[in-house]
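Visitor:
This is the structure we're talking about:
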C-alpha cells in the first residue's frame, strides 16, 4: 500500500537538520542538533515497512526520491532515477545511520544515492487528502483556480503532462496559479477526473487563501503522491 502519510517534496534543504563537520564511518554524517525527543529505531522500522518494493524487493526505476515516516522517525532516500536499490540495502543504510549516530539521526552518502534519517515533525510531514491552508488572504477567485485546474495539459492517455519541469505542471488563470507535481519526481499517472474531488475540497476549505493538498498515488512510481496547490499569481495582492 502507498504510505498513509505523504511527505512534502518542496524546500527539502531548508528543513534538514544541521550537520557536524567531517564524516563518520561508512560515509555517515550525523546531525549536530539533538531533537527534542530521541528518534526511536522501532519507529524507523515502522517507516521502513511502509516502503513499497517490486516483486524482487527493489525500488522502482522511474522515481528519484522517497519519503516515509512513522511516529518519531522520517526516512528520505534520494537516488538516481534508474537506480533500483534493494530492500536489504535501504534497511542496512538506516541501521548504519543509527549505529553511527544513535537517536540524533544523520545521512549516509553513497554513489548515486543518499539516505537520511531525522526526527519527524509537523514541519516535514503532512497528512493525505486534507487541505492545508495558509493564514494570509489573497485577491484571487476560486473560480479562476478551477478554470486553471481544468486547463492542466494532458497527454494522449488523459494523464497530466508536465509543462514546467519533468514532474511539474503549472497553469495561471486570472490571479490564481495552480501547480501540480509528483513528490517522487516520477511521471504523472493521474488525470482531471481522478483529482477533481480533491481539488474541489481544497478550494472549498481554503477559498481565497493559498493552500495545498496531498493525494496518495497518481505517479508512475510505487511510493509517490500528487501535490496540488493554489496561490496568487501576484504576491502583492496578499495580506
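In mature numbering (1 follows the signal peptide of the UniProt record, and there is no 0), the protein residues as written are -22 to -1, 1 to 217.
Even for Gly, the Cβ is constructed at its ideal location relative to N, Cα and C.
Mapping the DSSP letters down to three states, classify residue 69 as helix, strand or coil.
Guide: Three-state DSSP puts residue 69 in a helix.
Visitor: With DSSP as the reference, label residue 183 as helix, strand or coil.
Guide: In this structure, residue 183 counts as helix in the three-state DSSP scheme.
Visitor: If we ignore side chains and look at the alpha-carbon of each, how far apart do residue 62 and residue 39 end up?
Guide: Each residue's Cα considered, the two are about 6 Å apart.
Visitor: With a 10 Å radius around its C-beta and 16 neighbouring C-beta atoms as the bar for buried, classify residue 77 as buried or exposed.
Guide: With fewer than 16 Cβ atoms within 10 Å of its Cβ, residue 77 is classed as exposed.
Visitor: Using DSSP with H/G/I as helix, E/B as strand and the rest coil, what is residue 29?
Guide: Reduced to three states, the DSSP call for residue 29 is coil.
Visitor: Under three-state DSSP, which class holds residue 206?
Guide: Correct three-state label for residue 206: strand.
Visitor: Which word fits residue 157, buried or exposed, when buried means at least 16 other C-beta atoms lie within 10 angstroms of its C-beta?
Guide: With 16 or more other Cβ atoms within 10 Å, it is buried.
Visitor: Helix, strand or coil: which one does DSSP assign to residue 217?
Guide: Coil at residue 217, not helix or strand.
Visitor: Going by CA-CA distance only, name the one from 199, 119, 52, 138 that's closest to residue 104.
Guide: It is 52 whose Cα lies nearest to the Cα of residue 104.
Visitor: Measure from the alpha carbon of residue 208 to the alpha carbon of each residue in 109, 165, 131, then state which is nearest.
Guide: Out of 109, 165, 131, 109 has the C-alpha closest to the C-alpha of residue 208.
Visitor: Could you tell me if residue 206 is buried or exposed, where buried requires 16 or more neighbouring beta carbons within 10 angstroms of its beta carbon?
Guide: With 16 or more Cβ atoms within 10 Å of its Cβ, residue 206 is classed as buried.
Visitor: Measure the alpha-carbon distance for residue 56 versus residue 195 and round it to whole angstroms.
Guide: Distance between the alpha carbons of residue 56 and residue 195 is about 18 Å.
Visitor: Taking residue 117 as part of the alpha helix (DSSP H), name the residues at either end of that continuous run.
Guide: Residue 117 -> no alpha helix (DSSP H), and no H or E assigned at all.
Visitor: Does at least one heavy atom of the ligand PLP sit under 7 Å from the Cβ of residue 186?
Guide: Inclusion of the ligand PLP in the displayed structure is not the case, the ligand content being empty and no account of it being possible.
Visitor: Give me the Cβ distance between residue 131 and residue 145, rounded to the nearest whole Å; I'm assuming they're in contact under 8 Å.
Guide: Going by Cβ atoms, the distance from residue 131 to residue 145 rounds to 14 Å, so no, they are not a contact pair.
Visitor: Is DSSP giving residue 104 helix, strand or coil here?
Guide: Three-state DSSP puts residue 104 in a strand.
Visitor: Out of 151, 83, 137, 46, point me to the one whose CA is closest to residue 106's CA.
Guide: Residue 46 is the option with its Cα nearest to residue 106.
Visitor: Between 116, 25, 174, 133, which lies nearest to residue 189 when the distance is taken from Cα to Cα?
Guide: Of the listed residues, the one whose Cα sits closest to residue 189 is 116.
Visitor: Quick check: the Cα distance between residue 58 and residue 7, rounded to an integer number of angstroms?
Guide: Answer to the nearest angstrom: the Cα atoms are 20 Å apart.
Visitor: Indicate the three-state DSSP secondary structure (helix, strand or coil) for residue 172 in the structure shown.
Guide: DSSP places residue 172 in helix when its eight states are reduced to three.
Visitor: Note down the Cα distance separating residue 178 from residue 118, rounded to an integer number of angstroms.
Guide: Spanning the two alpha carbons is a distance of roughly 15 Å.
Visitor: In terms of alpha-carbon separation, which member of 50, 200, 211 lies closest to residue 101?
Guide: Answer by Cα proximity: 50.
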